[in-house]
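**Q**
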Amino acid sequence: MQTEDEISLSDIFRALWSKIWIIIASLLAGVILGGVFGFVKYHDVHYYGADVEYYVSSTGNDSSSTIDPEGIKIYQSYQENILKQIQIQLSSERFTRILLKELSETEGIEFDSDDIEMQKKYDKLLKTVNDSLSYSYEAGVNVIRVRVSVLNDPKLAEHLLNRVTAEESCPVCVVGRLGPSQFGATQCTPMNFPRNDLLNEGQTTKEMIKFGLIIGLVAAIVACVAVVVTDRTDTRLRDYEDIPRKFNLPVLGVVPRIETLVQEDKTNNKNIRKGAEK
């Protein structure tokens, strides 16, 4: 007896086509499951806030008129250094306390209290605010950006946005902490006053589609692998051409299966049974 363990692409396609409905069903089930997972995970995730931009400049001479080419590099380096310092100042706990002023959650909380429970409340509130704010800068255009992004709390987002855009917040805090240099005092001017808005509109739908496609594709791949493995482990002979290939023996004759005759035979059998019942 001779056997062949090799598998051809035609065998794979034959096996997949014979079970195509299983693959399609697995794909649809995966898409539905992924969509439900995406909806459950993200349907109540809403981020509120906006981006606030400040332009950082100097009251002294700027790049082109009186500063030589080497001085231009120094000036540009100075501006980038200032932006880094501003980012550090805005990320500090001192600036966070400024933002927490007039917030209802801070009523009755002493920031420097020795009370452990009060300190825990303050630390929790501080973490919430820090997680809701991020800072970045663009050295080429001398812009510092404050992003307010609060999870499921539009009131806190509105408060932080109002505090960030207030005159006594960023400009005063930052410029007051940065001393003058050979290029003059630093100025921090707000460029926009955006309103509080929903930042991730449509995210639930996007996540449902994303997880639906991912899980659906994975389910279809798993189904394809399972179909091929099942087909290869099935040792039944499906066609007379398998006999010479498996046993190296010629086929002397084949009993044909004529579908029309089979169907007529089934019909006759049904009629006989009905007549017997009557």
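Read in order, the letters of the sequence shown correspond to residues 50 to 327 in the working numbering.
We treat Cβ as the ideally placed atom computed from N, Cα and C, and that holds for glycine.
Every value quoted in this text rests on a predicted model; they were computed, and no experiment measured them.
Hey, out of LYS319, LEU210, ARG194 and PRO299, whose CA is closest to LYS150's CA?
**A** LEU210
**Q** Return the chain-ordered list of same chain residues with a C-beta closer than 8 angstroms to the C-beta of ILE263, the five sequence neighbours on each side being excluded.
**A** GLY83
**Q** At which residues does the beta strand (DSSP E) containing LEU200 begin and terminate?
**A** Membership of LEU200 in the beta strand (DSSP E) is indicated by the continuous run 192-200.
**Q** For GLY87, which residues in the same chain have their Cβ closer than 6 angstroms to its Cβ, ignoring the five residues on either side in sequence?
**A** Counting only residues of its own chain and dropping the five nearest sequence neighbours on each side, GLY87 has a CB closer than 6 angstroms to the CB of GLU256, MET257 and PHE260.
**Q** CB CYS237 to CB VAL105, shorter than 8 angstroms?
**A** Taking 8 angstroms as the Cβ cut-off, CYS237 and VAL105 qualify as a contacting pair.
**Q** Between GLU308 and PHE62, what straight-line distance do the alpha-carbon atoms span, to the nearest angstrom?
**A** Spanning the two alpha carbons is a distance of roughly 25 angstroms.
**Q** What residues in its chain sit with their C-beta under 8 angstroms from that of HIS92, if we drop five residues either side in the sequence?
**A** Within the same chain, and ignoring the five residues on either side of HIS92 in sequence, the residues whose Cβ sits closer than 8 angstroms to its Cβ are THR253.
**Q** Using the Cα positions of ASP172 and ASN241, report the straight-line distance between them to the nearest angstrom.
**A** 31 angstroms
**Q** Taking VAL197 and TYR184 to be in contact with their CB atoms under 8 angstroms, please state how far apart those CB atoms are, rounded to whole angstroms.
**A** In fact, because the Cβ distance is near 11 angstroms, the residues do not count as touching under 8 angstroms.
**Q** Looking at C-alpha atoms only, which residue of GLU154, GLU102, ASP60 and VAL199 is the closest neighbour of PRO243?
**A** The shortest Cα separation from PRO243 among GLU154, GLU102, ASP60 and VAL199 belongs to GLU102.
**Q** Would you tell me roughly how many angstroms separate the C-alpha atoms of LEU248 and TRP66, rounded to the nearest one?
**A** 46 angstroms
**Q** Considering Cα atoms alone, identify which of LEU200, ILE72 and ILE131 is closest to GLU250.
**A** Closest in alpha carbon position to GLU250, among LEU200, ILE72 and ILE131, is LEU200.
**Q** Of the residues ASP202, CYS222, ALA269 and LYS315, which one's Cα is nearest the Cα of SER75?
**A** ALA269
**Q** Can you give me the Cβ contacts of GLY189 inside the same chain, cut-off strictly under 8 angstroms, excluding the 5 residues immediately before and after it?
**A** Around GLY189: no qualifying Cβ.
**Q** Give the straight-line distance between the Cα atoms of PRO239 and THR214, rounded to the nearest whole angstrom.
**A** 7 angstroms
**Q** Can you tell which of LEU175, PRO299, VAL85 and GLN136 has the C-alpha that lies nearest to the C-alpha of THR155?
**A** Looking at the Cα atoms, LEU175 is the closest of the given residues.
**Q** DSSP on SER106, reduced to helix/strand/coil?
**A** strand
**Q** If we count the other Cβ atoms within 10 Å of its Cβ and call it buried at 16 or more, is GLN312 buried or exposed?
**A** exposed
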